[in-house]
Amino acid sequence: NLDLMSEASIRYERKVDGSNCANVAEIAAALFEECCGAEVCPGIVDVYPGEADDAPARIEFRPYRARALAGAPITNSFMMSRLERLGCTVEKNDIEHYVVTAPTNRPDLTREVDLIEEVVRLWGEGDIEATLPAAKNHAGGLTVEQRRVRKIGAVLRACGLSETSTYNFAAPDDLARLGIPETGRGVPVRIIRPLVAEQSEMRRSMLPGLLRSVAYNLDHGVANVALYEIGRVFFGHESRSLPDEPSYVCGVMAGKRSDDAWNQRFDEYDFFDAKGVVEELLDALRLTKVRFKVADPEQYPWLQPGRAAEVTAGGGQVIGWVGNVHPRGLKAMGVDVPVVAFELSQAALLRLAADQLPYEDVPTLPGVDVDLAIVVDESVTCETLMQRISSAGGKLLSDVRLFDVYRDDERVGRGKKSMAFSLTYRATDRTLTSEEVEKAHSKLVTKVCKSTGGEVRS
1 NLDLMSEASI RYERKVDGSN CANVAEIAAA LFEECCGAEV CPGIVDVYPG
51 EADDAPARIE FRPYRARALA GAPITNSFMM SRLERLGCTV EKNDIEHYVV
101 TAPTNRPDLT REVDLIEEVV RLWGEGDIEA TLPAAKNHAG GLTVEQRRVR
151 KIGAVLRACG LSETSTYNFA APDDLARLGI PETGRGVPVR IIRPLVAEQS
201 EMRRSMLPGL LRSVAYNLDH GVANVALYEI GRVFFGHESR SLPDEPSYVC
251 GVMAGKRSDD AWNQRFDEYD FFDAKGVVEE LLDALRLTKV RFKVADPEQY
301 PWLQPGRAAE VTAGGGQVIG WVGNVHPRGL KAMGVDVPVV AFELSQAALL
351 RLAADQLPYE DVPTLPGVDV DLAIVVDESV TCETLMQRIS SAGGKLLSDV
401 RLFDVYRDDE RVGRGKKSMA FSLTYRATDR TLTSEEVEKA HSKLVTKVCK
451 STGGEVRS
């Protein structure tokens with residue numbers, strides 16, 4: 001069986017109208033007589049034994065049932081007229097019950113639903129308005145997870161990123177070209193009959209597909225690209241037939257936020273733009289204890305060292321990463337401009353997200369602002385200092401904000417930097433006195449300098 005479609009196969013699949021053989025034979029005999037000079041004998045001999053099996057089907061037809069299935073106000077007169085045009089014979093029992101005899105040339109009309117399908121086709125499927133199915137004792141609406149997934153997309157679009165959808169297929173060397181290790185990503189799920197060699201596996205990361213989209217846009221004159229995708233990746237197993245299919249939120253940003261105008265110039269996307277998008281998303285989902293740690297180059301070799309961070313939340317759980325894609329990987333993917341990217345676990349985002357936060361009263365008592373500049377080694381990060389300051393400040397310290405970083409080999413020292421913070425002291429039940437603030441601030445400075453090895457810059 002070669003499964004080849006031909007004129008004959010189509011005709012015999014749909015069957016031949018056996019009741020019309022006499023008419024066809026008469027036409028053929030007339031052509032023989034006219035064209036070939038044959039002599040036609042009178043009469044017809046039919047030895048076909050299956051006449052009873054080819055009897056026309058008699059189908060009960062209910063117009064109200066047709067209207068219910070179609071969801072359209074089709075009138076009885078329209079249905080009857082269209083069925084008669086198809087060659088059907090319609091017998092009326094009562095206003096809502098008919099008996100329809102299908103023509104012998106339509107052996108596919110055997111059930112009531114077949115007649116309804118013909119009526120809907122002639123009515124026009126495009127003229128039927130979409131309606132929600134009726135349901136009893138069911139409350140409609142989205143689930144909590146569905147609302148949160150839609151919120152993720154809404155926040156990313158509000159940050160200027162456009163949603164895209166790339167192929168779930170990938171090339172076998174996608175991870176190697178970017179330098180992404182296979183540890184923790186299972187074994188590749190190979191496609192038995194891939195259409196092209198570059199799509200012979202199921203993807204284990206969305207980043208290669210998004211970088212291909214960036215390259216495609218750049219090649220077609222689109223200089224500013226900001227895309228995101230919410231989708232699945234596929235981690236196969238040696239001992240199981242079905243792979244794991246975790247979902248991720250991945251984004252890429254290249255170029256500028258907007259085209260330059262006569263009165264404004266825009267900077268190119270950098271690490272802090274992508275970090276700001278991630279911060280905005282996590283803040284909208286109300287994740288707590290969010291931290292950005294310097295990414296280890298050995299664990300994240302596809303990111304540029306010094307311009308990448310590991311994202312944690314909920315008390316140290318790693319939920320993703322953000323940073324500049326390594327130039328080596330960009331070159332391998334055909335991208336010749338810097339690209340910043342991020343990838344977050346959707347399962348972690350949904351698990352750690354909260355609908356409500358603890359309520360805090362609007363402060364009605366005045367706060368006291370104090371500036372603090374500390375000279376520390378270059379190895380001490382801003383995050384470390386802010387954590388130490390917040391820990392040492394206790395309940396009276398309500399806000400910490402970095403506002404300046406200063407370096408000078410002569411005034412600050414080689415290999416050192418001065419970081420200036422604005423601290424706000426406030427109590428919820430009373431107005432703080434200058435003595436209380438001085439005592440709390442002196443205690444804070446002592447603890448921070450001792451724990452970081454820094455000193456206050458005068």
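With the first letter of the sequence shown counted as 1, position 288 gets the number 288 in the UniProt record's numbering; the numbers rise by one all the way through.
The C-beta atom is built at its ideal place from N, Cα and C for all residues, glycine as well.
Identify which residue in the options has its Cα closest to the Cα of residue i.
{"i": "Asp409", "options": "Leu396, Ser434, Val376, Ala392", "result": "Val376"}
{"i": "Gly306", "options": "Arg85, Gly276, Ser379", "result": "Ser379"}
{"i": "His220", "options": "Ser442, Asn93, Val335", "result": "Val335"}
{"i": "Ala313", "options": "Gly329, Pro327, Thr89, Phe292", "result": "Phe292"}
{"i": "Ala62", "options": "Val318, Val119, Glu33, Phe169", "result": "Here the sequence assigns Arg to residue 62, which means Ala is not the residue at that position. Per the Cα distances, Val119."}
{"i": "Leu357", "options": "Phe169, Pro366, Asp283", "result": "Asp283"}
{"i": "Tyr167", "options": "Arg150, Arg203, Arg157", "result": "Arg203"}
{"i": "Arg177", "options": "Glu26, Lys331, Phe78", "result": "Lys331"}
{"i": "Phe169", "options": "Thr183, Gln146, Arg411, Pro194", "result": "Pro194"}
{"i": "Tyr12", "options": "Ala68, Leu69, Val277, Arg106", "result": "Arg106"}
{"i": "Ala171", "options": "Met333, Lys151, Cys35", "result": "Met333"}
{"i": "Arg328", "options": "Val318, Lys151, Val339", "result": "Val339"}
{"i": "Pro103", "options": "Asp94, Ala215, Cys88", "result": "Cys88"}
{"i": "Leu175", "options": "Ser442, Asp355, Val233", "result": "Val233"}
{"i": "Gly160", "options": "Lys416, Leu281, Lys15", "result": "Leu281"}
{"i": "Arg148", "options": "Gly315, Ile230, Gly43, Ile389", "result": "Ile230"}
Looking at residue i: is its Cβ nearer than 8 Å to the Cβ of residue j?
{"i": "Glu310", "j": "Ala295", "result": "yes"}
{"i": "Val337", "j": "Ala254", "result": "yes"}
{"i": "Val155", "j": "Pro243", "result": "no"}
{"i": "Leu303", "j": "Val325", "result": "yes"}
{"i": "Lys275", "j": "Asp267", "result": "no"}
{"i": "Ile128", "j": "Ala72", "result": "yes"}
{"i": "Glu84", "j": "Val90", "result": "yes"}
{"i": "Tyr228", "j": "Glu163", "result": "yes"}
{"i": "Val249", "j": "Leu349", "result": "yes"}
{"i": "Ser398", "j": "Thr431", "result": "no"}
{"i": "Val277", "j": "Ala341", "result": "no"}
{"i": "Asn217", "j": "Asp259", "result": "no"}
{"i": "Phe421", "j": "Leu344", "result": "no"}
{"i": "Leu109", "j": "Ala57", "result": "yes"}
{"i": "Ile374", "j": "Gly453", "result": "no"}
May I ask you to list the residues that DSSP assigns as paired with residue i?
{"i": "His97", "result": "Asp94"}
{"i": "Lys293", "result": "Glu310"}
{"i": "Ile59", "result": "Val100"}
{"i": "Met419", "result": "Ile374, Val405"}
{"i": "Lys256", "result": "Glu268"}
{"i": "Gln317", "result": "Ala313"}
{"i": "Glu163", "result": "Tyr228"}
{"i": "Ala170", "result": "Glu201"}
{"i": "Thr89", "result": "Thr101"}
{"i": "Ala341", "result": "Val252, Gly323"}
{"i": "Val400", "result": "Leu423"}
{"i": "Glu455", "result": "Val375"}
{"i": "Asp369", "result": "Thr424"}
{"i": "Val24", "result": "Paired residue(s): none; Val24 is not in a bridge."}
{"i": "Ala261", "result": "Gln264"}
{"i": "Val187", "result": "Gly236"}
With DSSP as the reference, label residue i as helix, strand or coil.
{"i": "Phe235", "result": "strand"}
{"i": "Glu438", "result": "helix"}
{"i": "Arg193", "result": "coil"}
{"i": "Ala427", "result": "coil"}
{"i": "Tyr248", "result": "strand"}
{"i": "Met80", "result": "helix"}
{"i": "Met386", "result": "helix"}
{"i": "Pro305", "result": "strand"}
{"i": "Glu201", "result": "strand"}
{"i": "Val144", "result": "helix"}
{"i": "Asn105", "result": "coil"}
{"i": "Asn324", "result": "strand"}
{"i": "Val412", "result": "coil"}
{"i": "Val222", "result": "coil"}
{"i": "Ile152", "result": "helix"}
Examine chain B for any beta-carbon lying closer than 8 Å to the beta-carbon of residue i, and answer yes or no.
{"i": "Trp262", "result": "The structure shown contains no chain B; it holds only a single protein chain."}
Let me confirm a value: residue i is counted as buried when at least 16 other C-beta atoms fall within 10 Å, else exposed. Which label applies?
{"i": "Trp321", "result": "buried"}
{"i": "Gln346", "result": "buried"}
{"i": "Val196", "result": "exposed"}
{"i": "Leu211", "result": "buried"}
{"i": "Gly209", "result": "buried"}
{"i": "Arg240", "result": "exposed"}
{"i": "Tyr300", "result": "buried"}
{"i": "Arg426", "result": "buried"}
{"i": "Cys35", "result": "exposed"}
{"i": "Val323", "result": "Sequence inspection shows Gly at residue 323; the Val mentioned does not correspond to that position. With 16 or more other Cβ atoms within 10 Å, it is buried."}
{"i": "Arg414", "result": "exposed"}
{"i": "Arg265", "result": "exposed"}
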